[in-house]
Each structure stands twice: as C-alpha cells, then as structure tokens.
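As structure tokens, the structure follows; a few thoughts come after it.
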Amino acid sequence: MSKVICYPRCSKPSAYEDGTFYFEVFSTPEENSTNVGHVGVQIIKEMRRSQIHPSVLAFDFLMIALGVVSADKAVLRSECADGWTRQIELTVFVHEYDKWLQEKKQLEEMLRFLTGDFWTINFKKLYTPICPEKDYPLRSNDCVCLLSGGMDSLVGAIDLHEEGRNPLFLSQIVRGDADHQRAYAAAVGEDNLCQWSNNVKKHGRTENSTRARSIIFFAYALLASCGIDYNEAGRKEIIVPENGYISLNIPLNRMRIGSLSTKTTHPVYMRMLQNIWDDLDLKVDLVLPYKYKTKGEVLVECKNQKMMKSLVFGSTSCGKYQRHGLRHCGECVPCLVRRAAFLKAGLEDDTENGYCVESLKGSDSQDVAAAAMACIEVQNNGIDKFVKSALSFCDSTERNGYLGVVSRGLEEIRILLLEHEVL
C-alpha cells in the first residue's frame, strides 16, 4: 500500500515519514525533503482572477481532486506486482468532514473504475477554514462548458453559441493547447474563459499514465459553476462535449483493458460522479450532448460549419502530442478517430503541423493493427459480439444508443483504413 498525504500549510505534519509521499496544497513547502512536493500553487490566484467565489463543498472537492492527481503522479505502476495495479492510501483534509465521510465508499469505487487501482481515502477535518471568503457578483453565463482544445470541445463551444447559450468555458492549461483554448473561447464571446492549472511537483520519477487526470478538470468545472446563477429548474449545467465513441473507449482487443483504455468521460464514471454531487446536494448536472454521436457526426452536424472549418485544424487529439514536439503522431487511437472524422465530414485533413506518420500503410503501430483487427471482427461476427459485456452498465434504451455509436465509430475507422490500404 502506497501512502500519500495531501495537506494545506495550516495542517502540515509534525513529522514526515519515510516511504510516504507528501504534497502541500496551494503553497510551496518550506521543507526541502525528497518525499515532499506541492500541487495547486496557482489555483487560488487563478480563481480570484476569474472572480469565482467557491462554495465550501466545491473547494473540498478541489482538495480531494488535487490529492488524487498528486497520488496518481507519485505512485509508479512499474513498481507494482503486476506492473499496473496500485494500492493507494490517500489522506486529504476537508471542511465538511461528516458529509465527505458518507461519500467515502462511492469515491473509492469511482477512483477504482477511473484508474484501475485500489484506493483508500482517509478524510481529516480542517479546523482552520481556508476556503476563500471574498465574494463576487455572479456572472451572466448560463452554463459551464469544458474546453480542452480538442475537436469536440471546439464544436461544443460553437454549438452552444449558435443555440444562443452563454457558456463560461473552463480549461486546464496544457502546453500546446493554451493558445487554441483562448482562440476558441474568443471566437464565440469575450471574458468567458477560466484557464487554470494544477502543476503537480515532486522529486524524482513520476507516473505518466495519469488515468485520474480528468477528476481535476471536473473539480475546476464545479468551482467555475459557483460563479454562475441557477437556471429556472434550480440547477446548474456543466457541458461535457465529448463524442460517445471516445467516451466509451471500448478496448479494441483484450490486451487493451489496462493502460491503453482510458475512462475520462465514460458513462459509468460520469454517473458515479453525478451521484456523489447529488448526495451532497450541489444541484449541478453533467450534460454530455454528444454521447450518442461519433466524432465524424459531431463535425458533420456542427451548427456553424464556416467557423468550425476555420478553427478545427488547430485542435488537438493525440495522446502523445507533447512527446512528439506538439505534433499528432497519426497512429494512436485518438489520431485514428480524428482522421476518420475528417473523412466522414468530407474535409481535407489540414491538421496544424501535420502527422508524424502521414501514411498508415505499412505502419507497425499496435493501435493501427488493433483497429484493423477490430474492424474485421465486427464484419465477421457482428457488433454485439465485439462489445461483449462492455455495455452491461446501461439499460436497453441506452444500450441501443451506445451500440449504434460504437458501430458507426468503427465504421468511420474502417473507411480510414481502407483509404490508407491497411484493409
């Protein structure tokens, strides 16, 4: 069991144990020790700059999320018995101790699903309040929308604008995406973007799989929602513009169940997170408008084609974008889905800086091979046998919707592979 303790300065430990990872939240630690790092040093300043006054529960969820992403970076999968599955004991400090204690089991189960690890969450009571108290007027925005810099989030921004909505966009600052995030937000409004960072810092090696990374995105979105008013139904909306094929991310073969199958917006994860927020009576809804659409369909049905075409080629999709010098690799599953979407939409692919691998013919990529085998399997055995039990979480109505999006998503990839003479 790997131990991680995430604490604010007012609750710093009296002693630091060897073999435990420590992270100070919101400030740089005074201790110069190899097992003491920090996280979220800029976020309070960034919230203040955005004039967001967080609720205590939203701020608590931020501290939990910062602890989770810190643990996710600190504990190396390579040092586990099977090279993947970790056992993590995370201690975090919260204001509303009793309320969070009731959510302990759900949080642990959600993180188990999200990261594939076994989590134990220990809550400690914060006796010194640290939630920012300065109040600000509510903004005129009518929803919060995640804006990653990817293709789906761009179309999400455009569609909301065309529908007459007034979203407050929430972005995580990521190298290579920040300029595009600002450009997309500026294209549909002004003073409508919160760009926040978390910056996990620790000594030594860090884990790169980062399966928990999306929890901080949702924590930031929850914080941003504190800056807008409730709608007529007494709720607030967080729009999550992600196509259904990628959200489900059904493994292309049995070997992809671990490291190569992420669940950042998977319906099960979204449902578990929504349940926790509902238990806490936060009155915030996660809305996934494209959950039954493929990426190609998201492009085809964009409500302002001219604006989309002027911006979409600067969007990012690749899981290895930073490792390749801010270029798309061209071969990973997100790149294949992206390239297939352009084909579906009848757009010549003019992706900024191109692809490291332009032609897929003769590619030795495991992802390309897995995609080809998946397409052949579906052709030979049908979509039901391909998905197997991957849709067991949903009822019959949802299943039909998700089955359709998987089938059509694979068909888009099949057409791409035919175009490149892989099939």
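Residues 17 to 439 in this note's numbering are what the sequence shown spells out, letter by letter. Note that the Cβ used here is the ideal one computed from N, Cα and C, for glycine as well. Bear in mind the structure is a predicted one, so any value in this text is a computation, not a measurement.
If I measure Cβ to Cβ from residue i and keep anything under 7 Å in the same chain, skipping five residues before and after, which residues do I get?
| i | result |
| --- | --- |
| L117 | F139 |
| D175 | C318 and K319 |
| I432 | Correcting the residue type first, residue 432 is Leu in the shown sequence and not Ile. Contacts found: L352, R355, A356 and L359. |
| R181 | D158 and C159 |
| Y261 | T310, K311, V353, V421, V422 and G425 |
| E435 | L359 |
| R25 | E40 and S43 |
| G274 | Interpretation of G274 is limited by its pLDDT of 43, a score under 50 that renders its predicted location unreliable; no figure is taken from the coordinates. |
| R430 | C391 and L439 |
Quick check on DSSP: helix, strand or coil for residue i?
| i | result |
| --- | --- |
| I231 | helix |
| E428 | helix |
| G53 | strand |
| L106 | strand |
| R117 | Per the sequence shown, the amino acid found at residue 117 is Leu instead of Arg. Here L117 sits in helix by DSSP. |
| Y143 | coil |
| C351 | helix |
| E368 | coil |
| G274 | Note that G274 scores a pLDDT of 43, beneath 50, so its modelled location is shaky; the value from the coordinates is reported in the next line. Three-state result, G274: coil. |
| Y38 | strand |
| L209 | strand |
| F134 | strand |
| K217 | strand |
| C26 | helix |
| E253 | strand |
| K279 | coil |
| V20 | strand |
| N247 | coil |
| C410 | coil |
| I392 | helix |
| E125 | helix |
| G420 | helix |
| G99 | coil |
| Y200 | helix |
| A361 | helix |
| L82 | helix |
| G260 | helix |
Distance check for residue j and residue i, CA to CA, integer angstroms please.
| i | j | result |
| --- | --- | --- |
| K481 | R343 | The chain is shown from 17 up to 439; residue 481 falls before or after that span and cannot be answered. |
| L184 | L439 | 44 Å |
| E374 | K360 | 18 Å |
| N259 | V314 | 7 Å |
| N208 | H177 | 12 Å |
| P70 | E437 | 53 Å |
| Y38 | C161 | 32 Å |
| A199 | G205 | 10 Å |
| T44 | K61 | 14 Å |
| M126 | D133 | 10 Å |
| L376 | V384 | 8 Å |
| L264 | T413 | 16 Å |
| Q67 | K150 | 9 Å |
| V85 | D365 | 34 Å |
| S379 | C348 | 11 Å |
| G398 | S405 | 14 Å |
| I244 | M63 | 13 Å |
| S27 | D34 | 19 Å |
| Q188 | H54 | 18 Å |
| P350 | E428 | 13 Å |
| V110 | I266 | 35 Å |
| R128 | G346 | 31 Å |
| M288 | A202 | 33 Å |
| A194 | L123 | 30 Å |
Can you give me the Cβ contacts of residue i inside the same chain, cut-off strictly under 8 Å, excluding the 5 residues immediately before and after it?
| i | result |
| --- | --- |
| K89 | V216, K218, T222, E223 and T226 |
| N269 | A386, M389 and A390 |
| C410 | P283 and Y418 |
| H340 | C334 and C372 |
Going by the C-beta, is residue i closer than 7 Å to any heavy atom of the ligand NAP?
| i | result |
| --- | --- |
| C348 | Absent from the structure shown: the ligand NAP. Ligands present: none. |
Below 8 Å on the Cβ atoms is my guess for residue i versus residue j; work out the distance and round it to an integer in Å.
| i | j | result |
| --- | --- | --- |
| E112 | L73 | 6 Å |
| V91 | V20 | 7 Å |
| R102 | S18 | 6 Å |
| T332 | G166 | 6 Å |
| I254 | A237 | 5 Å |
| V300 | K252 | 5 Å |
| A442 | C210 | Missing from the structure shown is residue 442; the chain here goes from 17 to 439 and no further. |
| T136 | E105 | 5 Å |
| G362 | H196 | Not a contact, Cβ separation roughly 23 Å. |
So, for residue i: in the same chain, excluding its five sequence neighbours on each side, which residues have a beta-carbon less than 6 Å away from its beta-carbon?
| i | result |
| --- | --- |
| T444 | Since the first residue shown for the chain is 17 and the last is 439, residue 444 is missing from the structure and cannot be characterised. |
| V108 | C22, M79, I80 and G83 |
| A311 | It is worth fixing the name first, because residue 311 is Lys in this sequence and not Ala. Closer than 6 Å at the Cβ level, and outside the excluded window around K311, lie N259, V353 and A357. |
| M286 | L302 |
| T144 | C26 |
| F75 | C147 |
Compare the C-beta of residue i against all C-beta atoms of chain B and say whether one is closer than 8 Å.
| i | result |
| --- | --- |
| M63 | Absent from the structure: chain B. Only one protein chain is present. |
Threshold first: 3 residues or longer. Then list the beta strand (DSSP E) segments lying entirely within the segment 281 to 345, N to C. 300 to 303
Of all the alpha helix (DSSP H) runs that stay within the bounds of the segment 142 to 192, which reach a length of 4 or more residues? Runs of the alpha helix (DSSP H) inside the segment 142 to 192: 167 to 178.
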